[in-house]
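First comes the structure, then the notes that go with it.
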Amino acid sequence: MGLSSAANTTTTSEPLKLCIFDLRRGQHEGEELEKILFFFPADLPFPAQLSVVGLSEGLITFTRIFSPEAACEVIEAEMHSHVFFEAEPDIWMVMVVAKNKETEAIWRIEALRSVLKEIHSLFVMFHGSIRMLLDKEPGGGLIRSHLYTFIMDYLSDFLMGNKFLLPNFRDSLKERGTVQMLTVGREAAIEVQSLVGTLDSCMGNALGYSVILFQDLLVSTTLSPDDTVNLFSYGILRLTQRILSSGGSTWSYLRKGNASSHAESALDRLHGLQDGSSVRGDNFQILRPLQHGKWSKGKDGFLVTDIWGVEVGNLVPTTPTIWLQQTEHKMYLCAYQHKSLTIILLIPVTSMLNGEEGISMLKQQLLENASLKIHKVEEKLAKGWGGENAYHVKGYRYLLVDGDSNISRASPSGKVTTLTKESLLALNKVREDFDLERNRTKGDDLEICIRAKNNSWVIARAARGKQLYIVLEKANETLLYASEAVEKFSDRYCNGAFSLD
Amino acid sequence: MLTETGGESSNMKASGVWMNNNNNNNNIEVEGEREVESPSSSGYVGERGSSGSVSSASGTDGIREVRDDGDAVVDDDDDGVNLVGDSQGEWIRGKRHADEDDASTSWRKRKKHFFILSHSGKPIYSRYGDEHKLAGFSATLQAIISFVENGGDRVKLVRAGKHQVIFLVKGPIYLVCISCTEEPYESLRGQLELLYGQMILILTRSVDRCFEKNPKFDMTPLLGGTDAVFSSLIHSFSQNPATFLHAYTCLPLAYATRQAAGAILQDVADTGVVFAILMCKDKKASLHPDDMLLLANFVMTSESFSPICLPRYNPMAFLYAYVHYLDVDTYLILLTASSQAFFHLKECRQVIRIESVLSKSNVLNEVQRSLSEGGLRIDDLPVDPSARSGSLFHLNQRRPSESVVAIGGPAGLLHFIYRSIYLDQYVSSEFASPISTPSQQKRLYRAYQRLYASMHDRGVGPHKTQYRRDENYVLLCWVTQDFELYAAFDPLADKGVAIRICNRVCQWVKDVETEIFLLGASSFSW
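Encoded structure:
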């Protein structure tokens, strides 16, 4: 069961451990290290690394005795939570987080798992599947160096000073792995529609896709929901105007405009990464699509980066490429920005027979045929945009998730911070309870409404593929009052999806 | 139900009559060893059910329902006839599916496993399968626990799909539950605590010393023949709300009757008896509610004198329990610290003639009558708030339970549990027809368990109010300083009306509390 394979020297001091291992590797005694494809912190002694992997593997095997279809998902110990995610068949990601009430290290398992999912789906978007890279180079050096640089770049967004701030109970009114939409008026919607048509025609017969963002919000997409989520996540992590103008990156309100570049250098120092767009680890050329400060806006409005290298001879950066999740097609990524509007075009590599030359022609076409429309749309959206608190609803702190289309909307972060710690902790628990309950019943018609110790109401509703979470701190004490408040919200903001009648 | 007199050694405290028959005790999972030779060994037999609706819905003689989850359920008929025949052998062995081990597909598919093992990985108890054949499996469990322990941590829970593995370490004793019953972690952990308590009740915690002397100590011989006690306890986890409420319940009796019974028990006070308890039917409740539960679960023979340990009272010491059945349903327990007291107590019973006084004073008849009438029925809930009954024992108010098939209360009310915090007691309504089968009742109890766990969250609880709706129920819960109310309604019940009904239930319980609770007795000092 792998339990006896390693000397158990795990120390409890690490606030975060993250590992990826492949159960098909290292089957023989003494070869256990072969299993490990990624481990953070990398400087943890091998016996300690093997101990994490050994326990995980042991419990995967053990739980399959009783639950062959769903192996180990979480281990709760007194001081740590171990969160499991089988990213690909036999390839497991395990995150071990320390619990600590004083440092607010209070977690919701599904929120942590969504971090693992995001790491994996972004990785696959840029590099293809882990198994594919393993097949390409069975020694494992290729995948290890890719995973290492990628995840370290990803984690740097969570680094504050020398501590990782993973999503904790204070982030209970957020849903990773969803997109946030901009609500547009009818007139603007027609303009956007027309722009999408123009973008389509710019790409001609190439069967490409377009994604339009305004600030950090999605305006339009022609991609599948899953691919939209991935591209959206990347967009708000590295491409939007706010990120580019801040010169580094922002991750959330907590970290707005600070720390990141500093954080990265701290990480780089720690792990000896060079400050280059690509590093050569084990003689593999490695792309670092999540590296900070590598995107900038060119004079023509197109976003440029040398992450994907530079064409020999003319110093023109190579156009980035990504993989689509469902079709597994390789696509050129071409981004254009006008003020707060960011347009991402994806064009199949196979349809661009003349490669970079074709891309420049496309860019030219876009500038000629679409820029007017782009300006017009930006103007319309900017006019209608209600600012950071546009989606604030007075008296409510809420999160609305549409599970079918991966869309969520929530109270602005600044407003969520006004909630007391007690309310947020109660919400975190209700969400955990609700996660289990939804999993248990597979049902789509659930409701939990709690009056907490501090008199706040915490409400969770699921109906018709959607979930709604609400915290009411200044509500009347009766259950009926709280229910009515939810009904009102549902009628006004959710098209009555959660209304009982 | 029981009458109880208790106190610290010779400090006798007041008493009353308690009851614990609110359960669906005519639907008992077959697990227990039967003392075939003993005519009144009705320990795990649900005789007449307290609810007529239950009996009428499932009262066929000796039907044994084996569900796909391997939970065998016996629906005893009203005469308390137990199943006989083919399955008898299995009963007597006290363990089901003893031929299985971890290689058997059937074993792996059982919904709820319980294991007790020693810290060296030796199996002590397994709910299913032969302990000896499970040595390898037991060693794996031990390896998981100690692996995490070596890393400076303590494993509590592993989740995999619908399965949960819950670990509890008690010194050299490890307890593990593997379950896909969808009960919350807190409930399952509480069940492991009770299972440990049951073991301590039989052995006291001084077994720890055996492990200190010899880590490879084999405990199984010490627990020989007690499989039935564990099985019965495990069975009660899905049948008896006392297992998660940590409270006990009383048989409804007119106040004067309970007073009389208490006074009778009081008379044994001078004889070195620590506690005197008059119990009825299936056994739940305890001195500390958990102790009473475990003690009641342990009692099974007609007359006995056994060393027992009350884990919440003193986990290191034995008391001696003298058990005497007064009739099929009702038994007396006297607890003493002296191991030589058997004849003395037997005599004390005769001298004071508890038995005859109890029956002369009509207490036993009242007990029997109340048993047949059952507990609170939701269709008796006074609908008009001004019409307070004040008593359950008005003429014509209570009917023999067989004559009534409750169809559910007003506004879709299906069931309720009211727990008095100061009294450590609860009262639970009879089941109405929408939840008449054992599986429906089990499902409701599990829903209550989730509600209870969520209300009493260790980090952020207790919450004040909860409304919960899924495809099966609308559940409402209030936790106040004085009481907790858990109520189940039809899933389509209107929120506003349900709240009004809950208020009426609280009022009703308060109106009749002298008859459904034992007041002024539980002043034990721990």
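Taken in order, these protein sequences are the chains called A and B.
Each residue of the first sequence is one higher than the last, beginning at 212 in my numbering.
Each residue of the second sequence is one higher than the last, beginning at 1173 in my numbering.
Just so it is clear, CB atoms sit at the ideal spot from N, CA and C, and this is done for glycine as well.
On a predicted model such as this, the values are computed, not experimentally measured, just so you know.
Closer than 8 Å to chain A by CB, residue i
| i | result |
| --- | --- |
| residue 1634/B | yes |
| residue 1225/B | With a pLDDT of only 29 at residue 1225/B, under 50, the local geometry of the prediction cannot be trusted, and the value read off the model is given with reservation. Taking Cβ atoms only, chain A never reaches closer than 8 Å to residue 1225/B, which makes this a no. |
| residue 1669/B | no |
| residue 1637/B | yes |
| residue 1332/B | yes |
| residue 1328/B | yes |
| residue 1631/B | yes |
| residue 1460/B | no |
| residue 1274/B | yes |
| residue 1278/B | no |
Option nearest residue i by Cα separation, candidates the options
| i | options | result |
| --- | --- | --- |
| residue 672/A | 1640/B, 1315/B and 1509/B | 1640/B |
| residue 1555/B | 1496/B, 1291/B, 1680/B and 1391/B | 1680/B |
| residue 1397/B | 1492/B, 1371/B and 1687/B | 1371/B |
| residue 678/A | 598/A, 353/A and 707/A | 707/A |
| residue 640/A | 1497/B, 1584/B, 1601/B and 1628/B | 1628/B |
| residue 1314/B | 1690/B, 1340/B and 1670/B | 1340/B |
| residue 608/A | 279/A, 535/A, 686/A and 318/A | 686/A |
| residue 417/A | 288/A, 350/A and 566/A | 566/A |
| residue 568/A | 588/A, 598/A, 553/A and 527/A | 527/A |
| residue 1675/B | 1588/B, 1546/B and 1534/B | 1588/B |
| residue 1668/B | 1529/B, 1602/B, 1646/B and 1656/B | 1646/B |
N- and C-terminal bounds of the beta strand (DSSP E) containing residue i
| i | result |
| --- | --- |
| residue 1479/B | 1475 to 1480 |
| residue 1277/B | Segment 1277 to 1280 is the alpha helix (DSSP H) holding residue 1277/B; no beta strand (DSSP E) there. |
| residue 1292/B | Per DSSP, residue 1292/B belongs to no beta strand (DSSP E) and is neither H nor E. |
| residue 542/A | 541 to 549 |
| residue 1591/B | 1585 to 1592 |
| residue 612/A | 608 to 613 |
| residue 668/A | 668 to 674 |
| residue 297/A | 291 to 299 |
| residue 632/A | Not the beta strand (DSSP E): residue 632/A falls in the alpha helix (DSSP H), residues 632 to 652. |
Residue-chain proximity (residue i, chain B), Cβ-Cβ < 8 Å
| i | result |
| --- | --- |
| residue 304/A | no |
| residue 314/A | no |
| residue 558/A | no |
| residue 283/A | yes |
| residue 273/A | yes |
| residue 439/A | no |
| residue 614/A | no |
| residue 701/A | no |
| residue 483/A | In this prediction, residue 483/A scores a pLDDT of 46, lower than 50, which makes its location untrustworthy; no coordinate-derived value is stated. |
| residue 289/A | yes |
| residue 301/A | no |
| residue 325/A | no |
Host alpha helix (DSSP H) of residue i (start-end)
| i | result |
| --- | --- |
| residue 1341/B | Residue 1341/B -> not in any alpha helix (DSSP H); beta strand (DSSP E) instead, spanning 1335 to 1342. |
| residue 1641/B | Where residue 1641/B is concerned, there is no enclosing alpha helix (DSSP H), although the beta strand (DSSP E) it sits in stretches over 1637 to 1641. |
| residue 257/A | 257 to 277 |
| residue 1461/B | 1461 to 1470 |
| residue 1680/B | 1667 to 1683 |
Pull out every residue of the region 1344 to 1361 of chain B whose Cβ sits closer than 7 Å to any Cβ of chain A, in chain order.
Here the close residues are 1350 and 1354.
Taking only beta carbons into account, state which residues of the region 660 to 686 of chain A come closer than 8 Å to chain B, listed in chain order.
Under the 8 Å Cβ criterion, the region 660 to 686 of chain A contributes 660, 661, 662, 663, 664 and 666.
Quick test of the definition: if touching needs 3 or more C-beta pairs under 8 Å, does the region 1283 to 1291 of chain B touch the region 1336 to 1346 of chain B?
At 8 Å Cβ cutoff, the stretches touch.
Give the residues from the region 624 to 638 of chain A that approach chain B closer than 8 Å (Cβ to any Cβ), ordered along the chain.
Taking 8 Å as the upper bound on Cβ-Cβ separation, chain B lies near residues 633, 636 and 637 of the region 624 to 638 of chain A.
Could you run through the region 1299 to 1326 of chain B and flag, in chain order, every residue whose CB is less than 8 Å away from some CB of chain A?
Answer set for the region 1299 to 1326 of chain B: 1312, 1315, 1316, 1319, 1320, 1322, 1323, 1324, 1325 and 1326.
contact_flag[the region 385 to 405 of chain A, the region 691 to 707 of chain A] where n(CB pairs < 8 Å) is 3 or more
Between the region 385 to 405 of chain A and the region 691 to 707 of chain A there are fewer than three C-beta pairs closer than 8 Å, too few to call the two in contact.
How about the region 376 to 390 of chain A and the region 617 to 635 of chain A: do they share at least three Cβ pairs that are nearer than 8 Å?
Yes, they touch.
Can we say the region 507 to 519 of chain A touches the region 374 to 388 of chain A, given the rule of at least three CB pairs closer than 8 Å?
At 8 Å Cβ cutoff, the stretches do not touch.
Contact the region 434 to 441 of chain A vs the region 406 to 415 of chain A: 3+ CB pairs below 8 Å:
Look at the beta carbons and you see the region 434 to 441 of chain A not touching the region 406 to 415 of chain A: under three pairs across the two are nearer than 8 Å.
Do the region 1296 to 1304 of chain B and the region 1314 to 1328 of chain B touch if we need at least three Cβ pairs shorter than 8 Å?
At 8 Å Cβ cutoff, the stretches do not touch.
Check whether the region 422 to 432 of chain A touches the region 359 to 371 of chain A, counting contact only when three or more Cβ pairs, one atom from each stretch, lie closer than 8 Å.
No, because fewer than three Cβ pairs between the region 422 to 432 of chain A and the region 359 to 371 of chain A fall closer than 8 Å, the two stretches do not touch.
Tell me whether the region 1463 to 1471 of chain B and the region 1347 to 1365 of chain B touch, counting them as touching only if at least three CB pairs, one residue from each stretch, are closer than 8 Å.
Taking 8 Å as the limit for Cβ pairs, the verdict is that the region 1347 to 1365 of chain B does not touch the region 1463 to 1471 of chain B.
Contact set between the region 1638 to 1658 of chain B and chain A, restricted to residues whose Cβ is under 7 Å from the partner
Listed by position, the residues of the region 1638 to 1658 of chain B near chain A (Cβ gap below 7 Å) are 1638, 1639, 1640, 1641, 1642 and 1643.
Relative to chain A, which residues along the region 1604 to 1630 of chain B have a C-beta separation below 7 Å, given in chain order?
Per Cβ criterion, the list reads 1626 and 1629.
Indicate whether the contact test is met: 3 or more Cβ pairs, each with one atom in the region 1330 to 1338 of chain B and one in the region 1371 to 1389 of chain B, closer than 8 Å.
In short, these stretches do not touch, since the Cβ pair count stays below three.
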